[in-house]
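Everything on this sheet refers to the single structure shown next.
Residue numbers (this note's numbering): 5 to 296.
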């Protein structure tokens, strides 16, 4: 995992099999570093846990350093958000083409400590995307920032994700699921418990929402063991994002930069899973092993 050049070449090789396009942005002057190379450089940094751009430009090979400046790299990376999302979707579809079971959950993303939230200007350029205060029941804490909502397969591949303000209740993400999925089973925890939403999802898109019942409900029935076990897969993924990919470390000043960082980390995780399965034929969730 310590050889940036070798990891970069492997990831660039995989990206070439996903898309034939090398340039995604329309630019008057042809840049020295191609868009696909910039994306490979970004994903390599996320895989290797290089969370600082200062450190990244110390570690990259000289031939890459000569092709782009740090400030230009940051601007182009934000503009390539749509291209990174396209690549992530293409990678995900390779795993989930015939998948019928998914898991939904959310995780808090703190921007700054609550004591600094009043004077912080991070991600506040627009009201609709500005962070706010929320509560995480699983960690029993109030925080200031955002919440990431995600759906993954039972094997642990992210299919869909979204970012909302911290105060938004998790159950509202089911509206996005309704627009993106059909004819499948979605496993969730008790915060997604709603008879109205369950009925609406099933009648409109044949989506069966499997949520454990509360013990004080009438006709209480314990959820099937296999569902309870598979539902923990997404919690493991969130832990890996926090540990290896440092998703809770935020250095972005704008929401555009913040969402690009989150997407880059999810895409880096997915491309390592892709390499594990389709290149080395090993467990897709061995994310800390060498890819070269």
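Note that beta-carbon positions come from the ideal geometry of N, C-alpha and C, so glycine has one too.
Predicted, not measured: the structure shown is a model, and the values here were computed from it.
Simplified DSSP assignment, three categories, for residue i
i: residue 179; result: helix
i: residue 5; result: Legend: pLDDT at residue 5 = 49, less than 50; position of this residue unreliable, no value from coordinates given.
i: residue 293; result: coil
i: residue 88; result: helix
i: residue 157; result: strand
i: residue 111; result: strand
i: residue 165; result: strand
i: residue 151; result: strand
i: residue 214; result: strand
i: residue 29; result: coil
i: residue 58; result: helix
i: residue 76; result: helix
i: residue 245; result: helix
i: residue 224; result: coil
Whole-number beta carbon distance between residue j and residue i, since they are thought to touch under 8 Å
i: residue 156; j: residue 106; result: 7 Å
Residue environment, residue i, which counts as buried when at least 16 other CB atoms sit within 10 Å
i: residue 286; result: exposed
i: residue 230; result: exposed
i: residue 46; result: buried
i: residue 70; result: exposed
i: residue 110; result: buried
i: residue 278; result: buried
i: residue 75; result: exposed
i: residue 115; result: buried
Nonlocal neighbours in the same chain, by C-beta distance under 7 Å from residue i, ignoring five residues either side
i: residue 60; result: 49 and 54
i: residue 237; result: 107, 156, 158 and 160
i: residue 253; result: 55
Identified DSSP bridge partners for residue i
i: residue 140; result: 145
i: residue 255; result: Residue 255 is not bridged to any residue.
i: residue 188; result: 211
i: residue 116; result: 148
i: residue 106; result: 157 and 190
Residues near residue i in its chain [Cβ-Cβ closer than 6 Å; skip 5 each side]
i: residue 103; result: 157
i: residue 251; result: 245 and 269
i: residue 40; result: 19 and 26
Own chain residues within Cβ distance below 8 Å of residue i, not counting five before or after
i: residue 187; result: 104, 209, 210 and 211
i: residue 274; result: 92, 95, 96, 161 and 162
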